[in-house]
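Position 39, counted from 1, in the sequence shown is what UniProt numbering calls 39; the numbers after and before it change by one each time, with no gaps.
Even for Gly, the Cβ is constructed at its ideal location relative to N, Cα and C.
All of these numbers come straight from a predicted model, not from anything done at the bench.
What follows is a short report on a single structure.
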Amino acid sequence: MNILQTIIEKKKLEVAEKKSIMDIDFLKSLNKNFDTKGLSLKQRLLNGQPNIIAEFKRKSPSKGWINQHIHIGEVVPAYEEYGAAASSILTDEDFFGGNIEELKIARLEVEIPLLRKDFIIDEFQLYEAKAYGADVILLIAACLTKEHVKQLAVKAKELNLEVLLELHAAEETGHICDEADIIGINNRNLETFVTDIQTSKDLIKLLPADRPVISESGISDIETIIALHNLGFTGFLIGENFMKASKPAVAFAEFMKALKKQKKLVF
Ligand SMILES: O=P(O)(O)OC[C@@H](O)[C@@H](O)c1c[nH]c2ccccc12
Numbered sequence: 001m002n003i004l005q006t007i008i009e010k011k012k013l014e015v016a017e018k019k020s021i022m023d024i025d026f027l028k029s030l031n032k033n034f035d036t037k038g039l040s041l042k043q044r045l046l047n048g049q050p051n052i053i054a055e056f057k058r059k060s061p062s063k064g065w066i067n068q069h070i071h072i073g074e075v076v077p078a079y080e081e082y083g084a085a086a087s088s089i090l091t092d093e094d095f096f097g098g099n100i101e102e103l104k105i106a107r108l109e110v111e112i113p114l115l116r117k118d119f120i121i122d123e124f125q126l127y128e129a130k131a132y133g134a135d136v137i138l139l140i141a142a143c144l145t146k147e148h149v150k151q152l153a154v155k156a157k158e159l160n161l162e163v164l165l166e167l168h169a170a171e172e173t174g175h176i177c178d179e180a181d182i183i184g185i186n187n188r189n190l191e192t193f194v195t196d197i198q199t200s201k202d203l204i205k206l207l208p209a210d211r212p213v214i215s216e217s218g219i220s221d222i223e224t225i226i227a228l229h230n231l232g233f234t235g236f237l238i239g240e241n242f243m244k245a246s247k248p249a250v251a252f253a254e255f256m257k258a259l260k261k262q263k264k265l266v267f
């Protein structure tokens, strides 16, 4: 089994267990705004600027612990303060050291769109994402059939969640459906965990021009952002580059300062 298959097998058990102790009515009762629209990441990505979606990620299968003990309240508010267009919160516990409760903490602290970053295989997780305050959910083409993507995306829209559909290979472009608000190109192959920015450069040419496209993973310098922005990307999902610093807030603030300076030169 490759890493992605291992994660998905574990995720099926996790979801089954949660479903056995929690029902959808209970999830709805957790959020007084359950039936209202969230914040739109799609709208922000249409501003034409290079928008940064800054991720809170403690651990990953490829790197092990990145920042084991940091508190989310020390990081995500700083992401907002220094100009992140949105934040991505890893909620997978076993492989990424995250927690759904942290999504709620972030929701109480910031007013930028929040992406629930997890391996979504069941609509129960969509209700859960909404209950804990997410605005956007991730669907990963590499672990879902085309039909399953469609079904989960329709349900997400019904729950007023935006849909980020993640692709990694040309064959997966067939999974794109009308409900996918944003397309993400993951530079990391989730079977081998190797990252290559060329993936973004190659795949954007194959995508419909009718919705925003973001580049995900392995981004650590301004030059890459500028190059990808010139190819049409308006969002950049970055985690490790900030989280590996002992103070991710400071690393993010410095990165944004450099990006703003560079933008003046280029645009
Ligand atoms: O830490 P990085 O290399 O900047 O990557 C962030 C993000 O793209 C990555 O965490 C990610 C992209 N797609 C995923 C799917 C599941 C888990 C994690 C991910």
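For the pair residue 212 and residue 70, the CB atoms are not nearer than the 8 Å cut-off. Taking all protein chains in view, the Cβ of residue 108 is surrounded by fewer than 16 other Cβ atoms within 10 Å, so the residue is classified as exposed.
Per DSSP, the continuous beta strand (DSSP E) segment holding residue 86 begins and ends at 86 to 90. Judged by their CB atoms, residue 243 and residue 67 are nearer to each other than the 8 Å cut-off.
Taking each of 114, 133, 39 and 137 in turn and checking the Cα distance to residue 123, the smallest one comes out for 137. Around the beta carbon of residue 199, 16 or more other beta carbons lie within 10 angstroms, which makes this residue buried. By a beta-carbon distance limit of 8 Å, residue 131 contacts residue 28. Their separation comes to about 7 Å. DSSP assignment within the stretch 68 to 150 yields the following whole beta strand (DSSP E) runs of 3 residues or more, N-terminal first: 86 to 90, 114 to 117 and 136 to 140. Placement of the Cβ of residue 51 at a distance of 7 Å or more from every heavy atom of ligand 1 is found. For residue 215, the enclosing beta strand (DSSP E) covers residues 213 to 216. At a cut-off of 3 residues, the continuous stretches assigned as beta strand (DSSP E) that sit fully inside the stretch 233 to 257 are 235 to 238.
If you draw a straight line from the Cα of residue 150 to the Cα of residue 42, it comes to about 18 Å.
Within the DSSP bridge table, the entry for residue 186 names 216 as partners.
Set against 7 Å, the gap from the CB of residue 216 to the closest heavy atom of ligand 1 is smaller. For residue 228, the uninterrupted alpha helix (DSSP H) run begins and ends at 222 to 230, by DSSP. For residue 9, the enclosing alpha helix (DSSP H) covers residues 3 to 21. Sorting 160, 158 and 185 by C-alpha distance to the C-alpha of residue 203 places 185 at the top. If you ignore the 5 residues before and after residue 217, its C-beta comes within less than 6 Å of the C-beta of 186, 187, 188 and 195, all in its own chain and listed in chain order. According to the DSSP assignment, residue 24 belongs to the alpha helix (DSSP H) that extends over 24 to 29. Here the distance from the Cβ of residue 241 to the nearest heavy atom of ligand 1 is below 7 Å.
With contacts defined as CB atoms closer than 8 Å, residue 239 and residue 57 qualify as a contacting pair.
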